[in-house]
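Report on one structure; see the data block that follows.
Numbering (our numbering), first residue to last: 2 to 165.
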């Protein structure tokens, strides 16, 4: 006599809220988070390279300008020439400092723009729907948790008399 054994279900999709569904959501979130962090790191590294390039260019320009001033000072100079060289160096320093900081701020702004774009792309893409749904699920639990704390306070305050 043969006993009937139940056949495994042919439905391969995981039921809602099953461990397989949460595992899939977790791995997708991990992949998306790693991708986001990696893209953000790339933006920071590109920014670092751009800032180093700005610094290197500024140092090179200053080197050339100051070397030219040094060559002038090695020759015969009148007091008026010394004053002219000194004022030229001061003018160069002020102008170059302004350009230097503008270029650094532009590089930082570019990095910030790239990072915001990465965040926006992640949240607006279909792949980001797992992030959105996880955030939405978390946000949906917040009022319930707040209510749980309020209920605990209200019942606790009614049971305990207040000291005068």
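Ideal Cβ positions, reconstructed from N, Cα and C, are used throughout, including at glycine.
Quiz item: Is there contact between the segment 51-68 and the segment 101-116, where contact requires at least three CB pairs shorter than 8 Å?
Solution: yes
Quiz item: In whole angstroms, what is the alpha-carbon distance linking residue 76 and residue 69?
Solution: 11 Å
Quiz item: Anyone know if the C-beta pair for residue 123 and residue 62 falls short of 8 Å?
Solution: no
Quiz prompt | Cut-off 7 Å between Cβ atoms - residues of its own chain near residue 74, not counting five sequence neighbours on either side | solution = 86
Quiz item: Is residue 37 near residue 114, with beta carbons less than 8 Å apart?
Solution: no
Quiz item: What separation, rounded to the nearest whole angstrom, lies between the Cα atoms of residue 80 and residue 41?
Solution: Take the alpha-carbon of residue 80 and the one of residue 41: they are about 55 Å apart.
Quiz item: Going straight from the alpha carbon of residue 71 to that of residue 45, what length do you get?
Solution: 38 Å
Exercise. From the DSSP output, in three-state form, read off residue 33 for me.
Key: helix
Quiz item: Can you tell me where the alpha helix (DSSP H) with residue 107 in it begins and where it stops?
Solution: Segment 80-125, the alpha helix (DSSP H) holding residue 107.
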